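Add 1 to the 1-based position in the sequence shown for our numbering, that's all there is to it.
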Amino acid sequence: MRGCAVPLIPSEGPVLTPTAAPSFGQTHFSGLDLGDARVNRRIIDLADILVAREAESWSAAFADPADARALQRIVNRPQATHASVRATHTRVTLDRMARTEDVVLVLHDTTELDYSGRAIRGLGPIGNSHGRGWECHNARAAVARTGAILGLANQIRHRRVEPAVTAAEGMAGRRDRESQHGGGTGGHGGARGGTGGHGGTRRRAAPGCTCATGAPTRSSSWSNSWVRAGRS
């Protein structure tokens, strides 16, 4: 009949309801296996907390005592190594690179992880060799045309070799310490070579590194490597 609406009869089968898009944690860590299903689910939640509060410190992001305890338990698990935790994220990133039609830019940068003053085994010199920690080299993949971040294609934690101290450098360090206590060069103001300030300690920055001042610092130079999608 003209002008009459025909009612729609639903087809047989389950009714589909819209589902929320997977969260950051679900996307990048759902395949992670740290030996316990509860731990695997918890690390997804913790990753989502970090992303939601990325501008805050870790202590502020995990202000909830339950979250802080969960993080402590996870990082103390022997299965939670640097390589195992980032493995699923790296696979997701490489898959995104392979599926990207545009040119992919891989940005290389080294961040200093500063643990000076802490009793942690395996630390090496950082900055001008007066600090202790690790060098963390990051390879971040991004779409060249839009700047969209795809993720970390790789990340290497590196410990620098302890610098060898020559006899001459040892004597220089001794004279510097004496100058700080008023011996040898006349107390304060005994800096040599025009360095000025209190004491005569001369600090030479290691090649390619920056001076660590407390919080992790980034190196001043970025090296850009243009690659085709899916190639490193």
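Built from N, CA and C at the ideal position, the CB exists for glycine as well. Computed from a predicted structure; not experimentally measured.
Next item on the list: Taking the CB atoms as reference points, tell me whether Ala142 and Val86 lie closer together than 9 Å.
Entry: The residue given as residue 142 occupies position 141 in the sequence shown. The residue given as residue 86 occupies position 85 in the sequence shown. At least 9 Å separates the beta-carbon of Ala142 from that of Val86.
Margin query: Which same chain residues end up closer than 7 Å to Gln27 when comparing Cβ atoms and leaving out the 5 residues on each side of it in sequence?
Written below: Taking the sequence shown and counting its residues from 1, the one referred to as residue 27 is at position 26. Result list for Gln27: Ile45, in chain order.
Item checked: Exposure of Glu163, with buried meaning 16 or more beta-carbon neighbours within 10 Å -> For this step, residue 163 is matched to residue 162 along the sequence shown. Classification for Glu163: exposed.
Check: Does the distance from the C-beta atom of Gly134 to that of Glu102 stay below 9 Å?
Finding: Within the sequence shown, numbered from 1, the residue matching residue 134 stands at position 133. Within the sequence shown, numbered from 1, the residue matching residue 102 stands at position 101. No, the Cβ-Cβ distance between Gly134 and Glu102 is not below 9 Å.
Notebook entry, point to check: So which of Ser31, Ser130, Thr147 has the shortest CA-CA distance to Ala165?
Noted result: Here residue 165 refers to the residue found at position 164 of the sequence shown. Nearest C-alpha to Ala165: Ser130.
Next item on the list: Please name the residue in Cys137, Arg122, Ala149 whose C-alpha comes closest to that of His83.
Entry: Stepping through the sequence shown from its first residue, residue 83 is reached at position 82. Nearest of Cys137, Arg122, Ala149 to His83, Cα basis: Cys137.
Checklist line | Close Cβ partners of Gly32 (< 7 Å) along its chain, the five nearest in sequence each way excluded | finding: Counting from 1 along the sequence shown, the entry for residue 32 is found at position 31. These residues qualify, in order along the chain: Thr89.
Notebook entry, point to check: Out of curiosity, what's the CA-to-CA distance linking Ala56 and Ala99?
Noted result: In the sequence shown, the residue the question calls residue 56 occupies position 55. In the sequence shown, the residue the question calls residue 99 occupies position 98. So the alpha carbons of these two residues sit roughly 30 Å apart.
Item checked: Own chain residues within Cβ distance below 8 Å of Asp65, not counting five before or after -> Here residue 65 is taken as the residue at index 64 of the sequence shown, counted from 1. Excluding residues within five positions, none has a Cβ falling inside 8 Å.
Next item on the list: Give me the Cβ distance between Thr94 and Ala154, rounded to the nearest whole Å; I'm assuming they're in contact under 8 Å.
Entry: Here the question's residue 94 lines up with position 93 in the sequence shown. Here the question's residue 154 lines up with position 153 in the sequence shown. That belief holds up - the Cβ atoms of Thr94 and Ala154 are roughly 5 Å apart, short of 8 Å.
Margin query: Can you tell me which residues form a DSSP beta bridge with Pro126?
Written below: Taking the first residue of the sequence shown as 1, we reach residue 126 at position 125. Note: Pro126 sits in a beta bridge opposite Arg133.
Notebook entry, point to check: What is the DSSP secondary structure of Leu35, counted as helix, strand or coil?
Noted result: As a first step, residue 35 is located in the sequence shown; it is residue number 34 there, counting from the start. Look at Leu35 here: in three-state DSSP terms it is coil, with no helix or strand label.
Next item on the list: Specify the secondary structure class of Ala88 as computed by DSSP and reduced to three states.
Entry: Numbered from its first residue, the sequence shown carries residue 88 at position 87. Note: Ala88 maps to helix in three-state DSSP.
Margin query: Please report the straight-line C-alpha distance between Ile121 and Ala69, rounded to a whole angstrom.
Written below: Indexing the sequence shown from 1 puts residue 121 at position 120. Indexing the sequence shown from 1 puts residue 69 at position 68. Going by the C-alpha atoms only, they are around 20 Å apart.
Margin query: Once DSSP output is grouped into helix, strand and coil, what is the label at Thr214?
Written below: Numbered from its first residue, the sequence shown carries residue 214 at position 213. Residue confidence is low: Thr214 scores 31 on pLDDT, short of 50, so the model does not pin down where it sits. Its coordinate-derived value is still stated next. DSSP places Thr214 in coil when its eight states are reduced to three.
Note to self: Please return the same chain residues whose Cβ sits closer than 7 Å to the Cβ of Ala71, not counting the five positions on each side in sequence.
What the structure shows: In the sequence shown, residue 71 corresponds to position 70, counting from 1. Here the set comprises Arg43, Leu47.
Margin query: Quick check: what's the CA-CA separation for Arg146 versus Arg97?
Written below: Indexing the sequence shown from 1 puts residue 146 at position 145. Indexing the sequence shown from 1 puts residue 97 at position 96. Taking the straight line from one Cα to the other gives about 15 Å.
Notebook entry, point to check: How is Gln80 classed by DSSP in three states: helix, strand or coil?
Noted result: Looking up residue 80 in the sequence shown gives position 79. Gln80 falls in the coil class under three-state DSSP.
Checklist line | Contact set for Gly125: own chain, Cβ-Cβ below 6 Å, skip 5 residues either direction | finding: The residue given as residue 125 occupies position 124 in the sequence shown. If we look at Gly125 and ignore the five residues flanking it on each side, its Cβ neighbours are Arg160, Arg161.
Item checked: Counterpart residues of Val144 in DSSP-defined beta bridges -> The residue you call residue 144 lines up with position 143 of the sequence shown. DSSP output for Val144 lists Val105 as bridge partner(s).
Item checked: Residues near Asp34 by beta carbon distance below 7 Å, same chain, minus five either side -> In the sequence shown, counting from the first residue as 1, residue 34 sits at position 33. Closer than 7 Å at the Cβ level, and outside the excluded window around Asp34, lie Asn41.
Notebook entry, point to check: Under three-state DSSP, which class holds Asp68?
Noted result: As a working note, residue 68 is residue 67 in the sequence shown. Of the three classes helix, strand and coil, the one that applies to Asp68 here is helix, per DSSP.
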